[in-house]
Each structure stands twice: as C-alpha cells, then as structure tokens.
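J.: The structure is given below, and queries will be raised subsequently.
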Amino acid sequence: MVRLLRPDQEELYNLWAMLGLVLIAAPIVVDVATNLRSRGFQGTQFFMDQVVLLAILACLASGKYVTGATVALVLVIGQVLEERSTLGARSAIDRLARLSRAKARRRNADGTEEEVPAEELAAGDVVVLRPGDTVPADGTVESGESSLDQAAITGESMPVDVAAGAEVFAGTTNLTGSLTVKVARRGDETVIGRVRQIVQEAENSQAPIMRLTDRYARFYAPFIILIAAVVLAVTGDLDRAIATIIVSIPCAFILASPSAMIAALATASRLGILVRSSTIFEQGHLIDTVVFDKTGTLTHGRLRLESIEPFAAEGKKAENELLQAAAAVEQHSTHPIGKAIVREAKARELIIPESTGIEEHHGRGMAGQVRGDGRVLVGRRKYLRAEGIELPEEIEAEKAEDRATTPVYVAANGRYLGQLNFADEVRANAAEVIGELRAKPSRIEQIVVLTGDRQAVAQNVAQSVRADEVHAQLLPEEKHAVVDKLRAEGRNVLVIGDGVNDAPALAHADIGVAMGALGSDIAIQSADVALMEDNLARLNSFLRLSRRVWQVIHQNIWFGFGFILVLMALSALGYISPLGAAFLHEVSAFFVIFNSARLLRFKG
Ligand code: ADP
Ligand code: MG
Numbered sequence: 000m001v002r003l004l005r006p007d008q009e010e011l012y013n014l015w016a017m018l019g020l021v022l023i024a025a026p027i028v029v030d031v032a033t034n035l036r037s038r039g040f041q042g043t044q045f046f047m048d049q050v051v052l053l054a055i056l057a058c059l060a061s062g063k064y065v066t067g068a069t070v071a072l073v074l075v076i077g078q079v080l081e082e083r084s085t086l087g088a089r090s091a092i093d094r095l096a097r098l099s100r101a102k103a104r105r106r107n108a109d110g111t112e113e114e115v116p117a118e119e120l121a122a123g124d125v126v127v128l129r130p131g132d133t134v135p136a137d138g139t140v141e142s143g144e145s146s147l148d149q150a151a152i153t154g155e156s157m158p159v160d161v162a163a164g165a166e167v168f169a170g171t172t173n174l175t176g177s178l179t180v181k182v183a184r185r186g187d188e189t190v191i192g193r194v195r196q197i198v199q200e201a202e203n204s205q206a207p208i209m210r211l212t213d214r215y216a217r218f219y220a221p222f223i224i225l226i227a228a229v230v231l232a233v234t235g236d237l238d239r240a241i242a243t244i245i246v247s248i249p250c251a252f253i254l255a256s257p258s259a260m261i262a263a264l265a266t267a268s269r270l271g272i273l274v275r276s277s278t279i280f281e282q283g284h285l286i287d288t289v290v291f292d293k294t295g296t297l298t299h300g301r302l303r304l305e306s307i308e309p310f311a312a313e314g315k316k317a318e319n320e321l322l323q324a325a326a327a328v329e330q331h332s333t334h335p336i337g338k339a340i341v342r343e344a345k346a347r348e349l350i351i352p353e354s355t356g357i358e359e360h361h362g363r364g365m366a367g368q369v370r371g372d373g374r375v376l377v378g379r380r381k382y383l384r385a386e387g388i389e390l391p392e393e394i395e396a397e398k399a400e401d402r403a404t405t406p407v408y409v410a411a412n413g414r415y416l417g418q419l420n421f422a423d424e425v426r427a428n429a430a431e432v433i434g435e436l437r438a439k440p441s442r443i444e445q446i447v448v449l450t451g452d453r454q455a456v457a458q459n460v461a462q463s464v465r466a467d468e469v470h471a472q473l474l475p476e477e478k479h480a481v482v483d484k485l486r487a488e489g490r491n492v493l494v495i496g497d498g499v500n501d502a503p504a505l506a507h508a509d510i511g512v513a514m515g516a517l518g519s520d521i522a523i524q525s526a527d528v529a530l531m532e533d534n535l536a537r538l539n540s541f542l543r544l545s546r547r548v549w550q551v552i553h554q555n556i557w558f559g560f561g562f563i564l565v566l567m568a569l570s571a572l573g574y575i576s577p578l579g580a581a582f583l584h585e586v587s588a589f590f591v592i593f594n595s596a597r598l599l600r601f602k603g
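The sequence shown begins at 0 in numbering that gives the first Met the number 0 and counts up by one.
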C-alpha cells in the first residue's frame, strides 16, 4: 500500500517490508534457537525451520524484503494449515480422551443422586446409568438390564446385553435400560484410559524408515546450501538461489511417516485394534507366517463339559463330588476350562467350597487346598504325574487319539479321582479368515496351529481350517520354542492368542496379537496388538491396514523426494520465483497429508 500511495518513497516501502519480515521471522528464529539449545546442532539438522530461516536470511541480506516477507507468510500459514489437518486425524484419537471425561450420576449412601464429573468417582461408588448415558468408569452391574454399545472400544457395532454381574467399560454407551453400576476402576486405569495411553505412546514412536532418513538428515542443510551456492555462482541470480532453498524445505518428508501413522492409529482404534507402537505397522507388511493358538482363538474358548467320569464310584452323586472339588480350585481361574467347570457346577446348583493356597500353572493345571478334600489338583496328565499322582493304568494306556474331547484329570490328597471331558467349537468364520489371510494382499504362506490340547482334537481343528502345520500337547514354553524355530528359519511370524496363558509365545513373535482383549488387562499390556473385540476377522483388518500404511508412507517419501528434485531443477533454471516456490512447497506438503488421510477411510 505504501508503494501505491507513495511511489516516490521507495525507502519507506522497504522499511515497512523489512519490519513485516522481521515480525514474521521472529517466532521462527526463536523456534530454531530453542531447538538448537535443547537438542544440540545434531538434533536440529532436519528441522525445516532451519531451511526456512536460511531462505529468509538470504532475502534479508539481499534487500528483497517484500519477497522475504511474503514467502515467510506463505510458509507460516501453510504450517498452521498442515498442523490443523494432522490435527484433524488426531481428533479421532482425542475422541478417546473425551469419552472418558463423561459426567456421572452417583448414588450416595442416603439414596440421593448427584451429578459429578467422572474423575471424581472412586472405586466402590455406585452410579446410575439411564438410556443414552456414557458409562463413566469400568465396573460391575449391580442391578438392571440393558444393552450397551461398545463400538467406541471394540469397533463392533452390535450392542451387547448386560445384566447384574456383567462387566461394563468406561466410554461405552448405555442404550436401552437403566443400570446401577459399582465402580471398579476410573480414569487412566480403565480400559479406555489404557488404550489412550498406549495410542499416545504409539504416536510418539518413530517408524524405522524415518530413523533411516534421520541418519542422513545432518547432511541435508549443508547439501542444500552448497547447491544454492552453485546456482548463485553459475547464474548470478539470487532469486533462483532463494527459490532453490525454499523448494528444498523437506516438509513432505517430515510429514510422510507421522501423518500416515496418526491416520492409521486413529483408524485402528476406530476398529477396536490397539497398536502398541507405530513400528508394528511396518513389521505387519512383512508377516508371512501366522501362528494360531487353538483354544479361545480358533475356537470360541467357551468349552462345554461333555461328561464326568469319576474313577472309583459311579452315579450322579460321585459326579457331583468330583465336579465340586474341581470347581473349588477352578473358581480362581480365568482359563476356559476353569470357567466351564464353574459354570457346570453352578448349573447343577452345587455349593462350591472355598479353597486356599491356589497355584495356577499356565498350560498345565491348578492346585489348591479345599476343606474336606485336602490338596486338590486339576490339570493335564503330565501335570498330575509331575505332582506325584499315580494314574490308573487304563488312563496311562489310553491313546490320545481315541477321543475328540479334551480331558482334564482331578486328584485329591494324592489320589486320582477321575476325569472331566470338554468340547469346544471352531469359530464359524475361522476357515474364511484363514482363506483370506492366504489370499491377496496379505499372502500368508504358512498357517500353524499350536495347542496344549491332545492330538486328535488339534488335528480336527487344523483340518477344518486347513492349517499347514499343527503342534499338539505343548507346554507354554514349548509353544514359544516352536515360534523361535519358525523365526530361526527366517520367517516373519505373527502369533495370535488370548494373551493371558499365551503371553510367552506372543512375546517371542515378531508381532504378538491378543484377541478379545476387552476386560483383560494382561492382554492389553503384553501384546503388540490387542483386538478388543472377540472377532478373528480383525486380524485381517490389521494386516491389510499395515500394508496400506506401508504403501502410503512409501508413496509419500518418494513423492516428496521427486517433487523436491524437480522443483529444485526448475528453480535453478529460473522457472520458479521465490514466492512460487513457497506455494509449490505447500502444495507438496498437502499432497502428503491428503494421501495419508486416505487411511482414515479404511473400512477394515
Ligand atoms: P491351549 O493351547 O489349547 O490354549 P492351554 O495351553 O491353555 O491350552 O492349556 C493346555 C492344557 O493344560 C489344557 O488342555 C488343560 O489340560 C491344562 N490346563 C491349563 N490350564 C488349566 C486349568 N486352569 N485347569 C485345568 N487344566 C488346565
Ligand atoms: Mg490358550
């Protein structure tokens, strides 16, 4: 405007432009300075503000104040918009935080109800939930019946029915009935609180490919200065040198991986797939072998007690006594076998005696002191034998292949009491999911089934899902030995299990996936990937998403690289002005962001 109004006052015009340039550049200078101080020169080499500053200084030094100011303005506005749009993807993650910041209707001791913020709840408080309320904390239903929408955590939109005794989770929505819920955990200890923490950690983890580019980063700025200097020396045109510097600002590079990761994490958490670190996505596309745990993963894990065979006596009474003794110990177990035993004992309306001194040996069995029975052992043959129990000859002789049920043996006070036989069903979609794993785009080459169960049962399951390999009668440590062996053969192994008694095998895999993790803290904490919903098909979603993330990051990086090269060449040849360079630079950054945002639309 000064130039329009006072064409004669060139000096004044330049002064104003310089003032503008300094004003816009000041925050960038401060930013670079603080970064230099906190991270050292090494740490800031790839910092794009440094290159921005270089361009601005060049303008300042050469007296091209107006160019400098406009360029800086375009870059700063661009940066704001970039941050905004990455924040757009972030909002999906922030949604998690909002969900657990709900209001709660607390019922006080005197029977009155009071509305309080969720963070003010304490364990043991009773809250009332009306239809439409968000569950404010994790807890147990005390009374009422309703259905809950758990999509916020599991990604599954089918409502879940709950009644007294059921577990409910913060962040889910009460749909139909009124409930009173006793608070067990609140805030960060809730499932959704953990999820939020893990997603945040994952967001901050750096993808391997980014670490690679970081290694070369410190050569970047000197290299660019060198090129700009050559351009200046050869052409004698400062504008060309400045344009060259501006187009070299590596925004597209810097955004390539984080923008894709944030979008992928947001999408994953929408689908109820909890990913511990963004590196997992990069490993995900390499997976060629999938190892399934049988019980609870390929099968429903809801065992049926098919028959009870007391050893010394016969009849209902002997059966019930055997069941009672087993249930006394198994009431402390979360294993499907334990649950099935307790369920059956309750169905028969038996009194389950208390037990003390519980020992749970994963993949083997359990022991505990039961009044009237002494030390009761429940578990597989190997376990009872190791505990010094003498098994009757016909049990020892019985060939594992004879039956298609899973037996568990019971002993008390050093004497063998009898066996319980269980059956489980293969998940309806197991064969289909495995078929999809083998097909494009995942192309899994090897499907392996591991189980502590007997051969005949394992073989049946493996056949029905068409697995390539099956290993039965494994102890937990033997399971991870199989995983180690596969990896030693050069395979990239994903292990999927329930995350509780399979934790060692999951830990030995390239990627450990825990299924049905909702309500199981150990699973969420121990696995690389936790599928909140008890749905095998999510494994496919995860592998396909990994592939997409990997593709998008590579597209971004190659695009960013190519775009910079082309623009630098054009700038050096004088086709691009500094201002044009600033605009084109923003175009490249937004291309990357929009490319990454495509991941948000991934359907799973
Ligand atoms: P899977 O490999 O099929 O998931 P596990 O490794 O969990 O099976 O268990 C293997 C075997 O160990 C079971 O078939 C059962 O015989 C025994 N077992 C494990 N946990 C328990 C338990 N809590 N009570 C009784 N037996 C158990
Ligand atoms: Mg298991």
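Think of the CB as a built atom: it goes at the ideal place given N, C-alpha and C, for glycine as much as any other residue.
Predicted model, so just to flag it, every value in this text is computed and none were measured.
Thinking glutamate 532 and glycine 154 are a contact (beta carbons under 8 Å), I'd like their distance in whole angstroms, please.
T.: In this structure glutamate 532 is in contact with glycine 154, their Cβ atoms being roughly 6 Å apart against a cut-off of 8 Å.
J.: Using only the alpha-carbon positions, how far apart do arginine 193 and threonine 296 sit?
T.: 23 Å
J.: Taking the alpha carbon of leucine 270 as the point to measure from, which residue in Leu564, Gln550, Arg547, Asn534 has its own alpha carbon closest?
T.: Asn534
J.: May I have a chain-ordered list of the alpha helix (DSSP H) segments no shorter than 4 residues that lie completely inside the segment 377-409?
T.: 380-385, 392-396
J.: Say the cut is 6 Å; is the CB of threonine 294 nearer than that to a heavy atom of the ligand ADP?
T.: yes
J.: How big is the Cα-Cα spacing for glutamate 119 and leucine 322?
T.: 44 Å
J.: Thinking just about the alpha-carbon of each residue, which of Glu188, Leu174, Leu473 is nearest to the one in valine 137?
T.: Reading off the sequence, residue 137 comes out as aspartate, not valine. Checking every option, the nearest Cα to that of aspartate 137 belongs to Glu188.
J.: Output the boundary residues of the alpha helix (DSSP H) element that contains proline 577.
T.: 577-596
J.: With hydrogens ignored, establish whether the beta-carbon of aspartate 533 is closer than 6 Å to any heavy atom of the ligand ADP.
T.: The answer is no for aspartate 533.
J.: List the DSSP bridge partners of lysine 181.
T.: Val125, Thr139
J.: With respect to 6 Å, is the separation between the Cβ of arginine 379 and the closest non-hydrogen atom of the ligand ADP below this value?
T.: yes
J.: Could you check whether the Cβ of methionine 365 sits closer than 6 Å to any heavy atom belonging to the ligand ADP?
T.: Indeed, a heavy atom of the ligand ADP lies less than 6 Å from the Cβ.
J.: Return yes when the Cβ of alanine 529 is within less than 7 Å of the Cβ of leucine 273, no when it is not.
T.: yes
J.: Answer yes or no: do arginine 25 and isoleucine 55 have a C-beta to C-beta separation smaller than 7 Å?
T.: Residue identity check: residue 25 is alanine in the sequence provided, not arginine. Cβ atoms of alanine 25 and isoleucine 55: not closer than 7 Å.
J.: Should valine 409 and alanine 325 be called a contact, given that it needs their Cβ atoms to be closer than 7 Å?
T.: yes
J.: Just how far apart, CA to CA, sit valine 565 and leucine 449?
T.: 53 Å
J.: How big is the Cα-Cα spacing for glutamate 393 and phenylalanine 310?
T.: Distance between glutamate 393 and phenylalanine 310, taken at the CA atoms: about 11 Å.
J.: Measure the C-alpha to C-alpha separation of alanine 16 and valine 115 and round it to an integer number of angstroms.
T.: 55 Å
J.: By the DSSP assignment, the beta strand (DSSP E) with glutamate 468 in it spans what residues?
T.: 468-470
J.: Pull up the distance between the alpha-carbon of alanine 227 and that of leucine 35, whole angstroms please.
T.: 23 Å
J.: According to the Cβ coordinates, are glutamine 445 and alanine 471 closer than 7 Å?
T.: no
J.: Can the beta-carbon of glutamate 305 be found less than 7 Å from the beta-carbon of alanine 480?
T.: no
J.: Give me the Cα-Cα distance between methionine 365 and alanine 259, rounded to the nearest whole angstrom.
T.: The straight-line gap from Cα to Cα measures roughly 46 Å.
J.: Who are the near neighbours of asparagine 428 in its chain, counting only those whose CB is closer than 7 Å to its CB and skipping five residues on each side?
T.: Leu535, Ala536
J.: Would DSSP call serine 570 helix, strand or coil?
T.: helix
J.: Please report the straight-line C-alpha distance between glycine 579 and valine 28, rounded to a whole angstrom.
T.: 23 Å
J.: Where do the N-terminal and C-terminal ends of the alpha helix (DSSP H) with serine 156 fall, by residue?
T.: That residue, serine 156, is in no alpha helix (DSSP H); it is neither H nor E in DSSP.
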